[in-house]
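Q: Here the sequence shown is numbered in the numbering used here, starting from 25 and rising by one per residue. For glycine and all other residues, C-beta sits at the position ideal for the given N, C-alpha and C. Model, not experiment: these values are computed from the prediction. Starting off with a structure, shown below.
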Amino acid sequence: MALWHDRAGRVSGLKIATLVAVTVPALMLAADALLGGLGARPYDEAIHRSGDWAIRILTVSLAVTPAIRILTYPRLISIRRMLGVGALAYLLLHVLLYIADQGFDLPKVGSEIVLRTYQTIGFAALLILAALGATSFDGMVRRLGRRWTQLHNLVYVAAALAAVHFFMQTKIQAYEASLIAGFLLTLGLYRLAAKRRLALTAPLVLAAIAVLGGLLTAGAEALWFWAGTSVPPLRVLEANLMLPDTIRPAWWVLAAGLAVACLPVLRRRIGTPARTPAERTA
Ligand code: HEM
């Protein structure tokens with residue numbers, strides 16, 4: 025079956041759109057590499073861009089399951105694997121570029137991974153994501169049964185490690201790292217709420233998660249600045265409350281969470297599409 029077919033063998037617009045969205049950053053990176061658009065340190069720039077896309081796509085892949093519950097739209101499941109594999113592809117490119125930047129000196133790369141804590145943490149995330157990628161095929165899902173779900177729950181551990189890796193190497197420029205950490209924390213809250221059997225279609229539950237997610241984002245950012253730069257955490261929290269010229273990550277997370285809280289209402293107005301036969305039997 026082609027990548028853009030659904031389980032019933034039909035062309036899926038959703039899968040095509042996802043495939044395009046996942047591929048475009050790689051094409052732009054390749055174009056910049058060919059046309060000399062990567063600046064004075066092309067490897068450095070490419071390592072950063074591929075790392076950024078790996079963690080962004082990983083975050084979006086983790087949003088699929090909550091989105092299915094919030095929108096009561098099971099068809100989204102068809103893009104989860106594509107997003108996961110896409111994140112892994114960017115990650116492999118990220119590491120390959122790093123190895124190339126080190127002149128393919130594998131002993132040196134190995135010792136850097138052992139000696140630099142942020143790389144050790146990144147490596148642990150890589151091992152988990154590689155194991156998940158290797159077991160993402162239908163045959164493996166069938167073979168592993170319940171153990172497949174247990175194994176694939178490790179994706180949250182990998183995402184947390186990847187976020188720490190991101191924070192550690194960004195040092196003081198922690199804007200996007202805080203944003204990603206905030207989205208990941210909010211996704212963790214959706215998961216917790218679903219485990220506690222709270223309805224993810226209830227706008228009030230979603231609004232509460234949005235507020236908690238915003239607060240956790242501000243807390244994570246403050247904690248990071250305190251640990252990395254000794255800036256008092258209260259000063260960072262104050263900066264979050266003051267709405268300065270740049271909108272802090274916590275506000276973006278809150279705004280996104282509140283927008284999500286409106287979705288079930290919109291969904292009910294638009295109506296639920298009929299499920300395909302493949303989805304009904306899944
Ligand atoms: C063996 C594993 C890994 C190695 C050796 C590695 C290496 C690196 C290096 C060398 C940098 C640039 C550091 C600097 O310029 O000071 C970096 C940045 C980064 N890495 Fe990794 N990494 C690994 C795993 C991961 C994983 C698992 C993810 C996410 C899924 C990830 C995402 C990122 C991100 C987002 C950045 C920052 C990009 C930016 O600042 O714009 N890396 N990594």
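Are GLY157 and VAL84 touching if we call contact CB-CB under 8 angstroms?
A: Residue numbering aside, residue 157 sits at position 133 when the sequence shown is read from its first letter. Residue numbering aside, residue 84 sits at position 60 when the sequence shown is read from its first letter. No, the pair does not count as a contact, with Cβ atoms beyond the cut-off.
Q: Please report the residue range of the alpha helix (DSSP H) in which LYS219 lies.
A: For this step, residue 219 is matched to residue 195 along the sequence shown. That run of the alpha helix (DSSP H) goes 199-219.
Q: Should ILE71 and TYR114 be called a contact, given that it needs their Cβ atoms to be closer than 8 angstroms?
A: Sequence index remark: in the sequence shown, residue 71 carries index 47 (1-based). Sequence index remark: in the sequence shown, residue 114 carries index 90 (1-based). Contact: no.
Q: By Cβ distance, which residues of its chain are closer than 8 angstroms to ILE204, with the 5 residues on each side in sequence left out?
A: As a first step, residue 204 must be located in the sequence shown, where it is residue number 180. Contacts found: ILE79, ARG80, THR83, ALA187, PHE190.
Q: Please classify THR308: is it buried, with 16 or more other beta-carbons within 10 angstroms of its beta-carbon, or exposed?
A: The structure shown does not extend to residue 308, since the chain is modelled only from 25 through 306, so no value can be given for it.
Q: If you draw a straight line from the C-alpha of ARG171 to the C-alpha of VAL179, how long is it?
A: Residue 171 sits at position 147 when you count from the first residue of the sequence shown. Residue 179 sits at position 155 when you count from the first residue of the sequence shown. Looking at the two C-alpha atoms, the distance is approximately 14 angstroms.
Q: Taking all protein chains shown into account, decide if ILE233 is buried (16 or more other Cβ within 10 angstroms of its Cβ) or exposed.
A: Taking the sequence shown and counting its residues from 1, one reaches residue 233 at position 209. Under this definition ILE233 is a buried residue.
Q: Can you tell me whether DSSP reads VAL46 as helix, strand or coil?
A: Against the sequence shown, residue 46 aligns to sequence position 22. In the structure shown, VAL46 sits in a helix (DSSP, three-state: H, G or I).
Q: Report the three-state DSSP secondary structure of VAL255 (helix, strand or coil).
A: Locating residue 255 in the sequence shown gives position 231, counting from the first residue. Three-state result, VAL255: coil.
Q: For TRP77 and LEU258, what's the separation of their Cα atoms in angstroms?
A: Here residue 77 refers to the residue found at position 53 when the sequence shown is read from its first residue. Here residue 258 refers to the residue found at position 234 when the sequence shown is read from its first residue. The C-alpha of LEU258 is placed about 31 angstroms away from the C-alpha of TRP77.
Q: I need the boundaries of the alpha helix (DSSP H) containing LEU224, first residue and last residue.
A: The sequence position of residue 224 within the sequence shown is 200, counting from 1. Segment: none, LEU224 is in no alpha helix (DSSP H) and carries neither H nor E.
Q: At which residues does the alpha helix (DSSP H) containing ILE294 begin and terminate?
A: Against the sequence shown, residue 294 aligns to sequence position 270. Boundaries of the alpha helix (DSSP H) around ILE294: 273-294.
Q: Look at the alpha carbon of ALA201 and the alpha carbon of ARG31, and state the distance between them as a whole number of angstroms.
A: Residue 201 sits at position 177 when you count from the first residue of the sequence shown. Residue 31 sits at position 7 when you count from the first residue of the sequence shown. Cα to Cα, the separation comes out at about 36 angstroms.
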